[in-house]
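Student:
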Amino acid sequence: MAARTGEEYLKGLQGQEREVWLRGERVKDVTRHPGLANGARAVAALYDMQHERTLRDEMTYVSPSTGDRVGLSFIIPRTREDLERRRVMMLHWARHSCGMMGRSPDFMNVTFAAWAGAAPYFAQSRPAFGENIERYYEYIREHDLTLTHALINLQRSRSGSGLNLEEGTALSVVRETDAGIVVRGARILATLGPLADEIAVYSPRVSQMARGHNPFALNFAIPCGTPGLKFVCRESFDLGGSHFDHPLGSRFEEMDCVVFFDDVLVPWERVFLLGDVDLINETGARTHSMAHSAHQGAAKNIAKCEFVLGVALLVAETLGNAHLAHSEERLAELMQHTELMKACTRAAEADAQLDEWGVMCPALLPIEMTRNLFMTAYPRMVEILQLLGSSSFMITPTEADFSGPLAPQLEQYLATDTTGARDRVKLFRLAWDIAGTSFGSRQVLYERFFAGDPLTRARVVSAIYPKDDVTERVRAFLRDDGEGLRTDRG
Ligand SMILES: Cc1cc2nc3c(=O)[nH]c(=O)nc-3n(C[C@H](O)[C@H](O)[C@H](O)COP(=O)(O)OP(=O)(O)OC[C@H]3O[C@@H](n4cnc5c(N)ncnc54)[C@H](O)[C@@H]3O)c2cc1C
-7 MAARTGEEYL
3 KGLQGQEREV
13 WLRGERVKDV
23 TRHPGLANGA
33 RAVAALYDMQ
43 HERTLRDEMT
53 YVSPSTGDRV
63 GLSFIIPRTR
73 EDLERRRVMM
83 LHWARHSCGM
93 MGRSPDFMNV
103 TFAAWAGAAP
113 YFAQSRPAFG
123 ENIERYYEYI
133 REHDLTLTHA
143 LINLQRSRSG
153 SGLNLEEGTA
163 LSVVRETDAG
173 IVVRGARILA
183 TLGPLADEIA
193 VYSPRVSQMA
203 RGHNPFALNF
213 AIPCGTPGLK
223 FVCRESFDLG
233 GSHFDHPLGS
243 RFEEMDCVVF
253 FDDVLVPWER
263 VFLLGDVDLI
273 NETGARTHSM
283 AHSAHQGAAK
293 NIAKCEFVLG
303 VALLVAETLG
313 NAHLAHSEER
323 LAELMQHTEL
333 MKACTRAAEA
343 DAQLDEWGVM
353 CPALLPIEMT
363 RNLFMTAYPR
373 MVEILQLLGS
383 SSFMITPTEA
393 DFSGPLAPQL
403 EQYLATDTTG
413 ARDRVKLFRL
423 AWDIAGTSFG
433 SRQVLYERFF
443 AGDPLTRARV
453 VSAIYPKDDV
463 TERVRAFLRD
473 DGEGLRTDRG
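Counting from -7, one number per residue, gives the positions in the sequence shown under the numbering used here.
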């Protein structure tokens, strides 16, 4: 097998029956359901990019085991150049969706590449787990599979430890058999769930398990069609409109799901860690998969910043307010976020180092900053768009209006000095899909929370920050009796 085409991806979804529920109905074919089909098409388009003549070399690399060309986000980076190549590839994908599909397949590909590169970490628990992770990684790479993941247990209350391990709700092992482990419970939030081939289940590093949590400490992956697995979708934010009316929602709906596991059998060869709370807690940090998934997120952030900035510039140009001082200030803020994302990503690549597994790892601090910064930067970017656009977001008749009886008046009254009416409305419908629709609001929520809640994320940064460097400088200043610092007044 080699890098898949879009058609092969869609056939793969059709070929694997899965239990997906949307608005009270079981979805027969996720590639044809009106709430999901355009999202599937968007992912298919990403796969097709791997075969575009001009992009092929930037999107794929030669598989070390088969010699076929496989997706570049699967590469286990060994050099800084590998990291840069991977970022270029991920940026092509992210730009294709304007940064609006955070869970394009590269998100999980880089995670499994990091884990396969650090296979001895898993072997510490049981030698078979090390072999399993390597074999599985090779399997998804060679078959170019799409993965979703669900890391969080459903919470009945926010007053506990934050681990949410309530009996009967949290996903746990109910028994072990010769064939594998049987798991029961619920997990959130499988973005892209109905449109994925496989689901990965593990724990985020930010939820630290403790002794006694062994039945909940899991890391495995199984096909989305595994019996007992149920995906419960939220409402679709693809509202069935045209690309004119809902330019983003009609293209990039990646869907989020709650996942129920009703006594699901996970074959032993798909188990990567089991019951070892210390290894589970440390997986992201010790294998550096957290740095690699942040690298994927950084590419998405860059694409998203560029896109929102581009829309904001056109909004200001269309309304003729670009020259006003407060518009310039706001646009400059968007430019700042864009350049900061690029700078952190570049710094993380430039300062990358080989880790203990021989994998080239992006520098942790700058790459983590791209995550934490974006949690507040993106909502602010959306706010800026709203401030720039004001009532024009509401002067947005639909495409149908432009073919109706009022079309001549719309053309007359809605034009601006720089832009015809139809182009103005088309642009503002796009801006509204970023700044106001259910699709746009979900993007804001996604950026606030997808990597964990802000408090926990802040604590992660605090934990990895080299504090001694700065405190020692201050201590040295305090130790100084002032001789070296004497001023004229001294
Ligand atoms: C659009 C979207 C897509 C996502 N996609 C995925 C995915 O694909 N895979 C996946 O595994 N996860 C996904 N997530 C889930 C994400 O990991 C969680 O949202 C995140 O970890 C926060 O958990 P929570 O939503 O349960 O927040 P909560 O724990 O409910 O937190 C809500 C708020 O309450 C605060 N809070 C909670 N408990 C306490 C406490 N004890 N003390 C003080 N404050 C508290 C939090 O800081 C936060 O501000 C997604 C989330 C979103 C919004």
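Even glycine gets a Cβ: it sits at the ideal position worked out from N, Cα and C.
In this text the structure is predicted, and so the values were computed from the model without any measurement.
Can you tell me whether DSSP reads ASP40 as helix, strand or coil?
Tutor: The residue given as residue 40 occupies position 48 in the sequence shown. Reduced to three states, the DSSP call for ASP40 is helix.
Student: State the Cα-Cα distance for the pair LEU64 and THR46, rounded to the nearest angstrom.
Tutor: In the sequence shown, counting from the first residue as 1, residue 64 sits at position 72. In the sequence shown, counting from the first residue as 1, residue 46 sits at position 54. Using only the alpha carbons, I get a separation of about 15 Å.
Student: Output the distance between the C-alpha atoms of LEU146 and LEU163, rounded to the nearest integer angstrom.
Tutor: Residue numbering aside, residue 146 sits at position 154 when the sequence shown is read from its first letter. Residue numbering aside, residue 163 sits at position 171 when the sequence shown is read from its first letter. Distance between the alpha carbons of LEU146 and LEU163 is about 9 Å.
Student: For the beta strand (DSSP E) containing PHE469, name the first residue and the last one.
Tutor: Here residue 469 refers to the residue found at position 477 of the sequence shown. Here PHE469 belongs to no beta strand (DSSP E); instead the alpha helix (DSSP H) covers 459 to 471.
Student: Say the cut is 6 Å; is the CB of ASP189 nearer than that to a heavy atom of ligand 1?
Tutor: For this step, residue 189 is matched to residue 197 along the sequence shown. No, the beta carbon of ASP189 sits no closer than 6 Å to any heavy atom of ligand 1.
Student: For GLN345, which residues does DSSP report across the bridge?
Tutor: Walking along the sequence shown from the start, residue 345 turns up at place 353. BP columns for GLN345 point to CYS353.
Student: Determine the closest residue to ALA213 out of LEU470, ILE125 and PRO458, with distance taken between C-alpha atoms.
Tutor: Looking up residue 213 in the sequence shown gives position 221. The shortest Cα separation from ALA213 among LEU470, ILE125 and PRO458 belongs to ILE125.
Student: For PRO97, which residues from the same chain have a beta carbon less than 6 Å from its beta carbon, with the 5 sequence-adjacent residues on both sides left out?
Tutor: Taking the sequence shown and counting its residues from 1, one reaches residue 97 at position 105. Here the set comprises THR138.
Student: Determine the contact status of GLY344 and PRO354, defining contact as a CB-CB distance below 7 Å.
Tutor: For this step, residue 344 is matched to residue 352 along the sequence shown. For this step, residue 354 is matched to residue 362 along the sequence shown. Before going further, note that residue 344 is Ala rather than Gly in the sequence given. Yes, these two residues count as a Cβ contact at 7 Å.
Student: If you drop the 5 nearest sequence neighbours on each side, which residues of the same chain put their C-beta closer than 7 Å to that of ALA37?
Tutor: As a working mapping, residue 37 is identified with position 45 in the sequence shown. Excluding residues within five positions, the ones whose Cβ falls inside 7 Å are GLY(-2) and HIS88.
Student: Using CA coordinates, which residue listed in LEU265, GLY91, LEU437 and ASP270 is at the minimum distance from PHE121?
Tutor: Here residue 121 refers to the residue found at position 129 when the sequence shown is read from its first residue. Nearest option by C-alpha distance: LEU265.
Student: Check whether the Cβ atoms of LEU210 and ALA308 lie closer than 7 Å to each other.
Tutor: Taking the sequence shown and counting its residues from 1, one reaches residue 210 at position 218. Taking the sequence shown and counting its residues from 1, one reaches residue 308 at position 316. Cβ atoms of LEU210 and ALA308: not closer than 7 Å.
Student: Let me know the secondary structure DSSP gives PRO446 once reduced to three states.
Tutor: For the purposes of this step, residue 446 is taken as the residue at position 454 of the sequence shown. Helix.
Student: So what does DSSP say about GLU17, is it helix, strand or coil?
Tutor: For the purposes of this step, residue 17 is identified with residue 25 of the sequence shown, where counting begins at 1. Looking at GLU17 - three-state DSSP - the assignment turns out to be strand.
Student: Taking only the alpha-carbon atoms, compute the straight-line gap between LEU187 and GLN401 and give it to the nearest angstrom.
Tutor: Here residue 187 corresponds to residue number 195 of the sequence shown, with the count starting at 1. Here residue 401 corresponds to residue number 409 of the sequence shown, with the count starting at 1. Their Cα atoms are separated by approximately 43 Å.
Student: Does ligand 1 have a heavy atom nearer than 6 Å to the CB of ALA142?
Tutor: Locating residue 142 in the sequence shown gives position 150, counting from the first residue. Within the cutoff, so yes.
Student: Quick one: what's CYS90 bridged to in DSSP?
Tutor: As a first step, residue 90 must be located in the sequence shown, where it is residue number 98. DSSP lists no partner for CYS90.
Student: Consult DSSP for GLU325 and reduce its assignment to one of helix, strand or coil.
Tutor: As a first step, residue 325 must be located in the sequence shown, where it is residue number 333. Note: GLU325 maps to helix in three-state DSSP.
Student: Is MET333 near ILE294, with beta carbons less than 7 Å apart?
Tutor: One-based indexing of the sequence shown puts residue 333 at position 341. One-based indexing of the sequence shown puts residue 294 at position 302. Their beta carbons are under 7 Å apart, which means MET333 touches ILE294 by this criterion.
Student: Does the Cβ-Cβ distance between ALA290 and THR218 come in under 7 Å?
Tutor: By 1-based counting over the sequence shown, the position of residue 290 is 298. By 1-based counting over the sequence shown, the position of residue 218 is 226. Not closer than 7 Å, so no.
Student: Please report the residue range of the alpha helix (DSSP H) in which ARG133 lies.
Tutor: Along the sequence shown, read from residue 1 onward, the residue named residue 133 stands at position 141. Taken as a continuous stretch (DSSP letters only), the alpha helix (DSSP H) holding ARG133 covers 119 to 135.
Student: Is the distance from the Cβ of SER242 to the Cβ of ASP255 below 7 Å?
Tutor: Taking the sequence shown and counting its residues from 1, the one referred to as residue 242 is at position 250. Taking the sequence shown and counting its residues from 1, the one referred to as residue 255 is at position 263. Not closer than 7 Å, so no.
Student: What ranges does the beta strand (DSSP E) occupy inside the segment 213 to 292, keeping only unbroken runs of at least 3 residues that lie completely in it?
Tutor: Segments of the beta strand (DSSP E) lying fully in the segment 213 to 292: 221 to 225, 249 to 259 and 263 to 266.
Student: Need the endpoints of the beta strand (DSSP E) that ARG176 sits in, please.
Tutor: Counting from 1 along the sequence shown, the entry for residue 176 is found at position 184. Here the beta strand (DSSP E) through ARG176 covers 172 to 180.
Student: Any heavy atom of ligand 1 closer than 6 Å to the beta-carbon of PHE299?
Tutor: Indexing the sequence shown from 1 puts residue 299 at position 307. No.
Student: Tell me, which residues are paired with TYR53 by DSSP?
Tutor: Position 61 of the sequence shown, counted from the start, is the residue given in the question as residue 53. Answer is VAL62.
Student: Report yes or no: do the segment 51 to 60 and the segment 8 to 24 share at least 3 C-beta pairs separated by less than 8 Å?
Tutor: Not touching, per the Cβ criterion.
Student: Return yes when the C-beta of PHE442 is under 6 Å from any heavy atom of ligand 1, and no when it is not.
Tutor: As a position in the sequence shown, residue 442 is number 450, starting the count at 1. Yes, the Cβ of PHE442 comes within 6 Å of a heavy atom of ligand 1.
Student: Using only alpha-carbon positions, find the residue among GLN42, THR330, ALA277 and ALA142 that is nearest to VAL251.
Tutor: To locate residue 251, count along the sequence shown from 1; it is residue 259. Closest option to VAL251, Cα to Cα, is ALA142.
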